[in-house]
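Read through the structure below, which is laid out as structure tokens, and then see the notes.
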Amino acid sequence: MTPDARSYRAVEDPVFDAEITPHRSLGPRGFAILMAAFGTASLLLSIPFFLIGAWPVVGFFGLDVALLWLAFRMSFTEGRACEKIVLTYLELVVRRVTPKGVAQEWRFNPSWVRLESETDADFGMTRLAVRSREASIDVARALSPHERAEFADAFGAALAAAKAGPHFADER
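Going by this note's numbering, the letters in the sequence shown line up with residues 252 to 423, in that order.
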């Protein structure tokens with residue numbers, strides 16, 4: 252049975268609403284602590300080399316710190332990407348924003364949408380796609396296989412509810 256709708260306006264309310272962002276295990280504070288520790292260690296380890304006259308080694312220690320900082324900066328930039336999936340009884344909207352802020356949006360009629368997935372015996376669900384007639388887009392790409400499977404279950408249930416349509420409550 253589908254959720255009760257108190258008015259015809261409720262048909263436009265989201266049945267499913269999810270925002271997916273890439274997981275980042277290290278926040279800004281952790282990054283600052285890591286860089287301070289790594290920079291301090293590199294500085295302390297480079298002092299003996301400088302004192303014995305092997306000063307070019309100091310530059311390589313500095314290069315390691317710079318490359319680590321650059322790698323984390325690229326990771327944090329990629330972390331700005333997001334994917335928003337909103338399902339109502341009338342339409343499914345998939346909006347994807349790249350790390351540079353460029354947005355793409357796809358709109359589908361929920362009646363024509365079906366989920367397609369690929370599952371590997373060793374890794375779990377490796378792909379989840381929304382297909383409508385000829386169009387197909389991958390969704391939940393930032394999730395792990397286990398999270399993607401959970402997302403597919405929840406989204407599949409919401410999609411079935413949207414296809415069934417709203418149940419208008421009798422207010423007598």
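Cβ coordinates follow ideal geometry from the N, Cα and C atoms, glycine included.
Computed from a prediction, not measured in an experiment: that's the story for all the values here.
Tell me where the alpha helix (DSSP H) around residue i begins and ends.
i: GLY407; result: 396-415
i: LEU285; result: 279-302
i: ARG324; result: 307-329
Rounded to the nearest angstrom, what separates residue i and residue j at their Cα positions?
i: ALA393; j: LEU296; result: 38 Å
i: TRP363; j: PHE402; result: 20 Å
i: TRP306; j: PHE300; result: 6 Å
i: SER326; j: ALA409; result: 33 Å
i: GLY310; j: ARG324; result: 21 Å
i: ILE303; j: GLY281; result: 34 Å
i: PHE374; j: ASP315; result: 34 Å
i: GLY330; j: SER276; result: 11 Å
i: GLN355; j: ARG347; result: 5 Å
i: GLY352; j: GLY416; result: 34 Å
i: TRP357; j: ALA292; result: 49 Å
i: ALA279; j: PRO350; result: Position check: residue 279 holds Pro in this sequence, whereas Ala was assumed. If you take the alpha carbons of PRO279 and PRO350, they lie about 17 Å apart.
i: PHE406; j: PHE359; result: 14 Å
i: HIS274; j: GLY290; result: 25 Å
i: ALA413; j: SER395; result: 26 Å
i: THR370; j: ALA287; result: 42 Å
Taking the beta strand (DSSP E) that residue i belongs to, which residues open and close that run?
i: ILE271; result: 267-271
i: TRP357; result: 354-359
Beta-carbon of residue i versus every beta-carbon of chain C: anything under 8 Å?
i: VAL390; result: Any reference to chain C falls outside this structure, which holds one protein chain only.
Who pairs with residue i in a beta bridge, going by DSSP?
i: LEU366; result: VAL381
i: GLY375; result: ASP371
i: ALA386; result: SER383
i: VAL337; result: ASP268 and VAL344
| Touch check for the segment 319-333 and the segment 377-389: three-plus C-beta pairs under 8 Å? | No, because fewer than three Cβ pairs between the segment 319-333 and the segment 377-389 fall closer than 8 Å, the two stretches do not touch.
| said: Can you confirm whether the segment 327-344 touches the segment 263-276 when touching is taken to mean that 3 or more C-beta pairs between the two stretches lie within less than 8 Å? | reply: Three or more beta-carbon pairs drawn from the segment 263-276 and the segment 327-344 are found closer than 8 Å, and the two stretches are therefore classed as touching.
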